[in-house]
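Enquirer: Taking this note's numbering, the leading residue of the sequence shown gets 519, the next gets one more, and so forth.
All C-beta atoms in this analysis are idealised placements derived from N, C-alpha and C, irrespective of residue type, glycine included.
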Amino acid sequence: MMKKLYLSPYIFFLLKEGKTIIWDYKHHRQYELKEEYYERLKILSQSKGYLCEEYEHIDKDLLEANLVSFEPYEVIDWKWDELGLIYHIGTQDVSGEDIDQENDDNLFLENYIQFCEEIAKDKEYSYISYEGDQVKLLRPNLEKLNNTSILESFKNRMTSRSFNGERVSLEDFSTLLFTSFGLIHGDWEELKNKNLRSLGVRKAHPSGGGMHPVEAYIIVFNVENTPAGIYHYNVKGHHLNKIADVCTYECLKRALCGQFFVEGISFGIFLVAHFSKVWDKYVHSRSYKDVYLDAGHVSQTFLLSATSLSLLTWESAWFKDSSVCELLKINGTSVSPMFFLGVGYGEKIAVPKKLENYINDKKNYS
C-alpha cells in the first residue's frame, strides 16, 4: 500500500532576491527551494501526494526537514486569518528558550551577562525628541493624586462616550503626562549604587528591558494656555514639541473610523511605538508582542491617573493606520500607532444619547 504524505500546515513561501524560501515558522527554520521541490510541495498541497519512486529523493529531504509527514497533522483551532496564525505560532519557543537549562542558575546567569555585555557596547538610552515649537508644561502636582485612593480609582474608572469640550487645566494636563509618560522615579538609583550601567529608564509602568518604546503624541483641543495642535511629549524635558497645526474633531473622527465618541474631548493621545528602541536589544519578532504589552501598561497607568484627577476617558484601538500616520507625520513602519486615549469632561456614560436614541428609534420602527 502506498504511503500518503501530509504537508505541514506551518509553512509559507517567501520570494527574495530571486530565491524561493520556504519558512517553517513553527520550528523556526528556513530553506532555499529548488524548483522541483516547490512543484512537489504544490502537488502535496492538493492532498494528492503519495510516496513514489519518481519523487523519492525529494520526499526523503522533505521528510528529514519535517516539511511533510506520514502522519496527518493535528487540526489547528484558529478562527483568525493565516497572517495572525503565522505570527502567533511563529513567535513561540524561540531560540534561547532552552528548557534543559532552566534549572541551571549559573548557566542562566552566564548567558544573561553575556547577552547584556553584547548589547551594551557603544549604546546609550535613546530619547525621542522633535524640533518643533516648544510648549512648556507646569511642574506636576503629585500631591493632587493623593486625594483619591487606588481603590477609588479602580472603581471610578470607566469608558465614557459623552464629552462637552470643557477646558482641562494646565496643571492637570501636566500632571497626567508626567505620571503616565515621564521620569517619575528620576535616575535609576539602584543601578547607580551598584555601579551598573543603565540602558533603560524607569517610569510608573513596566517595560521590557526598561526600553519604553511607547511615546505620547497629543492632539490638543482645549487645554489651558496650550494652543490647539498636534504635539509630541518630550519625556526628558517634560515639555511639548509641536508637530502640526490644528486638527478638527471631524478629521480625528475620520481617522478613528467614524467613532463620534471622540467629539468634545479636551485632548487625545495616540500611543505610538518606536520599534527601533527595542529591536537593537531584542532581535526576535516575539518582542513585537512585548511592545503591545507596553502600550497596555501605559494606557492603564494613564487611565487610572486621569480618573484620580476626576477626568473622563475614552479609549480605542480601532483606527485607520495610514490616516493616523499622516496626521502625526510618522512612517507607520518603524514608528507606528498602537492605541488612542481621549480625555475631558462630560457625562459619565458608556451609551451616549446619540446611540441611545438610535437604538430606541430602531426598536420603535420594528
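1) Report all residues from its chain with a CB closer than 7 angstroms to the CB of Cys775; omit the five preceding and five following residues, and keep chain order.
2) What does the alpha-carbon distance come out to for the pair Ser828 and Phe820?
3) Using the three-state DSSP reduction, which class does Gln652 fall into: helix, strand or coil?
4) What is the C-beta distance between Ser692 and Leu655, in whole angstroms, given that I count them as a contact (C-beta under 8 angstroms)?
5) Tell me which residues share the same chain as Ile702 and place their Cβ nearer than 7 angstroms to its Cβ, disregarding the 5 neighbours each side in the sequence.
6) Using the three-state DSSP reduction, which class does Val586 fall into: helix, strand or coil?
7) Ordered along the chain, which non-local residues of its own chain (more than five positions away) have a Cβ less than 8 angstroms from that of Gly650?
8) For the region 539-614, list the beta strand (DSSP E) runs that are entirely contained and at least 3 residues long, ordered along the chain.
9) Please report the residue range of the alpha helix (DSSP H) in which Val809 lies.
10) Since Val612 and His545 should fall inside the 8 angstroms C-beta cutoff, what is the C-beta to C-beta distance between them, to a whole number of angstroms?
11) Whole angstroms is fine: what's the gap from Val796's alpha carbon to Tyr543's?
12) Measure the C-alpha to C-alpha separation of Asn849 and Arg685 and round it to an integer number of angstroms.
13) Enumerate in chain order the residues of its own chain whose CB-to-CB distance from Ala583 is below 8 angstroms, with the five nearest sequence positions on each side excluded.
14) Exposed or buried, Val475, counting other C-beta atoms within 10 Å across all chains shown (16 or more means buried)?
15) Take Tyr568 as the anchor and find which of Tyr555, Ile529 and Phe588 has the nearest alpha-carbon.
16) At which residues does the beta strand (DSSP E) containing Thr499 begin and terminate?
17) Consult DSSP for Gly850 and reduce its assignment to one of helix, strand or coil.
18) Excluding sequence positions up to five away, which residues of its chain have a Cβ less than 8 angstroms from the Cβ of Ile867?
19) Can Gly718 and Gly782 be called in contact, C-beta distance under 9 angstroms?
20) For Gly700, count neighbouring Cβ atoms within 10 angstroms of its own Cβ and tell me buried if that reaches 16, exposed if not.
21) Starting from the Cα of Asn752, find the closest Cα among Trp832, Asn624, Val869 and Ser698 and give me that residue.
22) Can you look up Ser725 in the DSSP assignment and give me helix, strand or coil?
23) Are the beta-carbon atoms belonging to Leu585 and Ile594 less than 9 angstroms from one another?
24) In terms of DSSP beta bridges, what is Leu758 paired with?
25) Excluding the five sequence neighbours on either side, which residues of its own chain have a C-beta within less than 6 angstroms of the C-beta of Ile787, listed in chain order?
Expert: To lay it out plainly:
1) Around Cys775: Trp836, Phe837 and Lys838.
2) Taking the straight line joining both Cα atoms gives about 12 angstroms.
3) Of the three classes helix, strand and coil, the one that applies to Gln652 here is strand, per DSSP.
4) That pair is a contact at about 4 angstroms.
5) Residues Phe696, Lys721 and Ala722 of the same chain have their beta carbon placed closer than 7 angstroms to that of Ile702, with the five preceding and five following residues left out of the count.
6) In the structure shown, Val586 sits in a strand (DSSP, three-state: E or B).
7) Its chain contains Tyr749, His750, Asn759, Lys760 and Ile761 as the residues whose beta carbon lies nearer than 8 angstroms to that of Gly650, once the 5 sequence neighbours on both sides are disregarded; these appear in chain order.
8) Counting only runs of 3 or more, we get 547-550.
9) Ser805 to Ser826 is the span of the alpha helix (DSSP H), which, as asked, contains Val809.
10) Going by Cβ atoms, the distance from Val612 to His545 rounds to 11 angstroms, so no, they are not a contact pair.
11) Near 22 angstroms, if we compare the C-alpha coordinates of Tyr543 and Val796.
12) Going by the C-alpha atoms only, they are around 32 angstroms apart.
13) Answer for Ala583: Asp542, Arg547 and Tyr549, listed in chain order.
14) No answer is possible for residue 475: the residues shown for the chain start at 519 and end at 884.
15) Put simply, of Tyr555, Ile529 and Phe588 the residue whose alpha carbon is nearest the alpha carbon of Tyr568 is Phe588.
16) For the chain, the structure presents residues 519 to 884; residue 499 sits outside this window and is missing.
17) Per DSSP, reduced to three states, the secondary structure at Gly850 is coil, with no helix or strand assignment.
18) Cβ within range, chain order: Ser678, Arg679 and Ser680.
19) No. Outside cutoff.
20) Buried is the call here.
21) Closest option to Asn752, Cα to Cα, is Ser698.
22) Of the three classes helix, strand and coil, the one that applies to Ser725 here is coil, per DSSP.
23) Their beta carbons are not under 9 angstroms apart, which means Leu585 does not touch Ile594 by this criterion.
24) Note: Leu758 sits in a beta bridge opposite Val653 and Tyr751.
25) Counting only Cβ-Cβ distances below 6 angstroms, and skipping sequence neighbours, we find Ala734, Ile736 and Leu859.
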